[in-house]
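Q:
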């Protein structure tokens with residue numbers, strides 16, 4: 090049976106999610122929804138989608154739709170995702186998972202009660218190099234994990250462009266910040282690789298007090314753009330994390346982790362992608378870490394109709410994640426990253442907020 094998808098968002102949803110869904114067998118995108126009739130109908134016509142909606146609740150309630158892909162702003166999509174779960178739909182939810190801890194708790198509880206498959210758009214763990222890193226760690230390459238560092242520094246707003254679709258990141262109250270957005274992606278990966286976090290200490294702050302556009306317009310952002318965190322995982326590993334979307338000459342993403350038997354490094358000059366993320370490794374006794382070849386089974390997994398050179402690049406790991414979601418709906422293994430992992434990441438974000446405010450270590454078991 091073909092599973093029918095309804096996408097909420099004609100921006101990132103149509104640009105990246107749509108080609109990812111269309112790369113997976115057994116599904117069909119049958120509807121797209123925006124906030125206005127004219128934009129919804131234009132998006133449906135432009136992308137060859139049968140139905141247009143301009144009322145999200147109407148699309149969610151439609152019995153001819155099985156999966157809701159919800160990719161709009163966290164504060165706006167929260168009630169949509171809740172409604173979808175309560176009406177028996179499977180859900181593909183954006184990042185950040187929710188606008189705040191209370192909303193995240195409600196989503197997690199609704200998911201548990203629904204019995205449906207629900208995942209979030211934190212697709213980095215499906216990038217081939219990072220899937221291989223996970224396999225190596227699980228097979229004992231690192232031995233006992235000791236420590237590491239992770240940096241995710243981008244220059245999104247150092248020289249902002251008026252047409253950049255995420256200039257709304259400046260607004261308070263929408264559930265966004267460098268830590269909540271970039272940090273959510275990184276934290277999902279770190280939890281996937283090294284297990285749950287036990288405690289942390291954090292400093293979350295703002296570097297740029299204004300965004301100055303080429304036309305002379307100035308925006309004074311109300312959100313934080315720079316965070317430093319020390320994470321202690323339950324397995325004893327200590328990880329240093331830094332994220333910023335206002336980093337001068339941002340150098341992208343990098344991860345370095347070492348243990349009793351070896352060291353693993355991975356990097357990408359921008360947001361991690363299937364094509365550009367590299368993996369290197371070295372065992373105890375080596376003087377260098379050497380590039381690791383990524384096997385074809387991970388670069389071009391069975392059942393995915395696009396390759397790592399897909400455009401946009403996010404569509405490739407997204408399609409792999411979606412493929413596993415469809416398998417889970419059909420009863421073949423778990424989907425990931427699911428709402429349980431998203432709830433843990435949201436608790437990490439809340440602990441980081443409290444730690445930055447109170448200037449102290451915060452244990453995750455205090456966040457419930």
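Residue numbers (our numbering): 90 to 457. Every residue, glycine too, gets a C-beta built ideally from N, C-alpha and C.
When DSSP labels each residue in this structure, what does residue 365 get in the three-state scheme?
A: Start at 1 with the first residue of the chain shown, and residue 365 comes out as number 276. Three-state result, residue 365: coil.
Q: Do you know how far the Cα of residue 298 is from the Cα of residue 339?
A: In the chain shown, the residue the question calls residue 339 occupies position 250. In the chain shown, the residue the question calls residue 298 occupies position 209. Approximately 18 Å between the Cα atoms of the pair.
Q: Out of curiosity, what's the CA-to-CA distance linking residue 309 and residue 193?
A: For the purposes of this step, residue 309 is identified with residue 220 of the chain shown, where counting begins at 1. For the purposes of this step, residue 193 is identified with residue 104 of the chain shown, where counting begins at 1. Distance between the alpha carbons of residue 309 and residue 193 is about 28 Å.
Q: In angstroms, rounded to a whole number, what distance separates the CA positions of residue 348 and residue 375?
A: Numbered from its first residue, the chain shown carries residue 348 at position 259. Numbered from its first residue, the chain shown carries residue 375 at position 286. Distance between the alpha carbons of residue 348 and residue 375 is about 13 Å.
Q: Residues in its own chain within less than 7 Å of residue 264 by CB, not counting five upstream and five downstream?
A: Here residue 264 refers to the residue found at position 175 when the chain shown is read from its first residue. Answer for residue 264: 163, 164, 185, 187, 188 and 189, listed in chain order.
Q: So, does the stretch 268-280 touch the stretch 436-444, judging by three or more C-beta pairs under 8 Å?
A: As far as the Cβ criterion goes, the stretch 268-280 touches the stretch 436-444, which means the pair count is three or higher.
Q: Does the beta-carbon distance from residue 337 to residue 244 come in below 8 Å?
A: As a working mapping, residue 337 is identified with position 248 in the chain shown. As a working mapping, residue 244 is identified with position 155 in the chain shown. A contact, by the Cβ cut-off of 8 Å.
Q: With DSSP as the reference, identify every bridge partner of residue 331, one or two as the case may be.
A: One-based indexing of the chain shown puts residue 331 at position 242. DSSP lists 240 and 317 as partners of residue 331.
Q: Rounded to whole angstroms, what's the CA-CA distance from residue 384 to residue 294? Just pull it up for me.
A: Indexing the chain shown from 1 puts residue 384 at position 295. Indexing the chain shown from 1 puts residue 294 at position 205. Computed Cα separation, rounded: 40 Å.
Q: Cβ atoms of residue 132 and residue 99: under 8 Å apart, would you say?
A: Walking along the chain shown from the start, residue 99 turns up at place 10. Walking along the chain shown from the start, residue 132 turns up at place 43. Contact flag set, yes.
Q: With the cut-off set at 8 Å, would you say residue 287 and residue 322 are in Cβ contact?
A: Looking up residue 287 in the chain shown gives position 198. Looking up residue 322 in the chain shown gives position 233. Cβ atoms of residue 287 and residue 322: closer than 8 Å.
Q: Rounded to the nearest angstrom, how far is the Cβ of residue 95 from that of residue 158, given a contact under 8 Å?
A: Along the chain shown, one-based indexing puts residue 95 at 6. Along the chain shown, one-based indexing puts residue 158 at 69. With a Cβ gap of about 7 Å, residue 95 and residue 158 count as contacting.
Q: Looking at the structure shown, is residue 353 part of a helix, part of a strand, or coil, going by DSSP?
A: Position 264 of the chain shown, counted from the start, is the residue given in the question as residue 353. Strand at residue 353.
Q: Going by beta carbon distance, what residues of the same chain come within less than 7 Å of residue 408, once the five residues before and after it are set aside?
A: Along the chain shown, read from residue 1 onward, the residue named residue 408 stands at position 319. Correct list, in chain order: 109, 112, 113, 393 and 395.
Q: My output table needs one value for residue 450: the three-state DSSP class, helix, strand or coil.
A: Walking along the chain shown from the start, residue 450 turns up at place 361. Looking at residue 450 - three-state DSSP - the assignment turns out to be coil, as it is neither helix nor strand.
Q: In whole angstroms, give me the CA-to-CA distance for residue 422 and residue 93.
A: By one-based count along the chain shown, residue 422 stands at place 333. By one-based count along the chain shown, residue 93 stands at place 4. If you take the alpha carbons of residue 422 and residue 93, they lie about 20 Å apart.
Q: Tell me where the alpha helix (DSSP H) around residue 270 begins and ends.
A: Against the chain shown, residue 270 aligns to sequence position 181. Here the alpha helix (DSSP H) through residue 270 covers 267-283.
Q: Buried or exposed: where does residue 220 fall if 16 or more other Cβ atoms within 10 Å of its Cβ makes it buried?
A: Indexing the chain shown from 1 puts residue 220 at position 131. So residue 220 counts as buried.
Q: On a Cα-Cα basis, can you pick out the residue from 281, 320, 415 and 300 that is closest to residue 429?
A: Taking the chain shown and counting its residues from 1, one reaches residue 429 at position 340. Minimum Cα distance to residue 429 is reached at 281.
Q: In chain order, which alpha helix (DSSP H) runs of at least 4 residues are fully inside the stretch 383-456?
A: With a minimum length of 4 residues, the continuous alpha helix (DSSP H) runs that stay inside the stretch 383-456 are 385-388, 404-418 and 428-447.
Q: Measuring alpha carbon to alpha carbon, tell me which of 241, 410 and 378 ends up nearest residue 390.
A: Numbered from 1 along the chain shown, position 301 holds the residue referred to as residue 390. Closest option to residue 390, Cα to Cα, is 410.
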